[in-house]
Amino acid sequence: MKPGKYMLHRRSQYDSTQIMYRAEELVNAASNRYKITVQVANRAKRRRYEELDSIDDPMMKPVLRAIVEMSDEITQPEIIGDDQTSYSSRGK
Numbered sequence: 000m001k002p003g004k005y006m007l008h009r010r011s012q013y014d015s016t017q018i019m020y021r022a023e024e025l026v027n028a029a030s031n032r033y034k035i036t037v038q039v040a041n042r043a044k045r046r047r048y049e050e051l052d053s054i055d056d057p058m059m060k061p062v063l064r065a066i067v068e069m070s071d072e073i074t075q076p077e078i079i080g081d082d083q084t085s086y087s088s089r090g091k
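Just so we're aligned: 56 in numbering that gives the first Met the number 0 is position 57 of the sequence shown, and the numbers increase by one with no gaps anywhere.
Right under this line is the structure:
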């Protein structure tokens, strides 16, 4: 089996168009492009070190996984839970 053919079958489940769309969602939802970029990078770095032994999806790079997770958190707030909203409502 040729190495190139094998690699084509093991690609991540997200295509580049969907990753670009999700990254654009993150940037548009953020008030500061630099901060959201740093947050994505920090999450990717943290995930890379936390999951060295994990074999969940070895073909998905940590930065792509961070983009997907963070865009899901924005579009589906129930993933995060009510912790953030409860903190802001307590101060009022």
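All C-beta atoms, glycine included, are put in the ideal place defined by N, C-alpha and C. Keep in mind the model is a prediction, meaning the values are calculated, not measured.
Identify, in the order they occur along the chain, each residue of the same chain with its Cβ nearer than 8 Å to the Cβ of Ile18, setting aside the five sequence neighbours on each side.
-> Leu63, Ile66, Val67
DSSP state of Ser87 mapped onto helix, strand, coil = Model confidence at Ser87 stands at a pLDDT of 40, short of 50, so the residue's coordinates are unreliable and nothing is read from them.
Cβ-based neighbour list, Gln108, same chain, cut-off 6 Å, excluding 5 preceding and 5 following | Look at the range of the chain in this structure, 0 to 91, and you will see that residue 108 is not part of it.
Do you know offhand how far Asn31's Cα is from Leu25's?
-> 10 Å
With a cut-off of 8 Å on the beta carbons, I'd call Met69 and Arg45 a contact; round off their distance for me.
-> Not a contact, Cβ separation roughly 12 Å.
Pull up the distance between the alpha-carbon of Asp14 and that of Asn27, whole angstroms please.
-> 20 Å
How many Å lie between Ala29 and Glu50 at the Cα?
-> Straight-line Cα distance between these residues: approximately 27 Å.
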